Amino acid sequence: MILSRDEFGKRFDEYRRTTWRFECQPTYTMPREQDGIRRWRAGEPMPADHNRRWHETVQQIVASGRSIGRVRVVSRPLTEYQRYQLDWGIPGNIEAGEDIRILDMTELDLDLPDQDFWFFDESLVVHLNFNPDGTLIDLEQRENPDLAQYLQWRDTALAHAVPLSEWNART
Numbered sequence: 105m106i107l108s109r110d111e112f113g114k115r116f117d118e119y120r121r122t123t124w125r126f127e128c129q130p131t132y133t134m135p136r137e138q139d140g141i142r143r144w145r146a147g148e149p150m151p152a153d154h155n156r157r158w159h160e161t162v163q164q165i166v167a168s169g170r171s172i173g174r175v176r177v178v179s180r181p182l183t184e185y186q187r188y189q190l191d192w193g194i195p196g197n198i199e200a201g202e203d204i205r206i207l208d209m210t211e212l213d214l215d216l217p218d219q220d221f222w223f224f225d226e227s228l229v230v231h232l233n234f235n236p237d238g239t240l241i242d243l244e245q246r247e248n249p250d251l252a253q254y255l256q257w258r259d260t261a262l263a264h265a266v267p268l269s270e271w272n273a274r275t
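If you're matching positions, the sequence shown starts at 105 in this note's numbering and goes up one per residue.
What follows is the structure in structure tokens.
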């Protein structure tokens, strides 16, 4: 089932315990991020309100007693978007309360998908489908997903991922 952005947003309001994202695209071409990327490229300081709406969402989720996390997959050399995300995106998301871990696949060969997805309460899966250039095609709630497979992918990713601070110390 293809979800509108509003329907997808409601999934964050409706889940009860945990939501988790597997984030593996090397580049995302999101219109709302283009000004931030331009500023980052130019070496400008990050605006104080950068990614504010997401941070507020994360803070509300955490304040309600629920958890939100993700594993960000990278490979070296990092893409420009990954460098931007690691500089301007991920640190603020972590500060807001999101548990984000980095999975560096440069020297690993793991059985993981090349598909981004959100996993709500270990029972609802939404694929984020992208074009090769990183533009979003659609948000697809999976009907009757193989939950054991998604749990295995999540557990494998988490077992090999590290907190951003640890990953930064290694690189």
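Cβ atoms here follow ideal geometry from the backbone N, Cα and C, with glycine treated the same way.
Owing to the predicted nature of the structure, the values given are computational and were not obtained by experimental measurement.
Could you work out which residue in 180, 124 and 159 is closest to residue 86 when comparing CA atoms only? Limits of the chain in this structure are 105 at one end and 275 at the other, which puts residue 86 out of reach.
For residue 160, name the three-state secondary structure that DSSP assigns. helix
Please state the DSSP three-state secondary structure of residue 171. strand
Taking its Cβ as the centre, do 16 or more other Cβ atoms sit within 10 Å of residue 165, making it buried, or is it exposed? buried
Can you name the start and end residues of the beta strand (DSSP E) that residue 109 belongs to? That residue, residue 109, is in no beta strand (DSSP E); its alpha helix (DSSP H) goes 109 to 118.
Less than 8 Å between the beta carbons of residue 112 and residue 123, yes or no? no
One question on the structure: do residue 204 and residue 238 come within less than 8 Å of each other, judged by their Cβ atoms? no
What do you get for residue 194, buried or exposed, if any count of 16 or more other CB atoms within 10 angstroms of its CB means buried? buried
Flag this pair as touching only if the stretch 251 to 271 and the stretch 197 to 216 have three or more C-beta atom pairs under 8 Å; answer yes or no. yes
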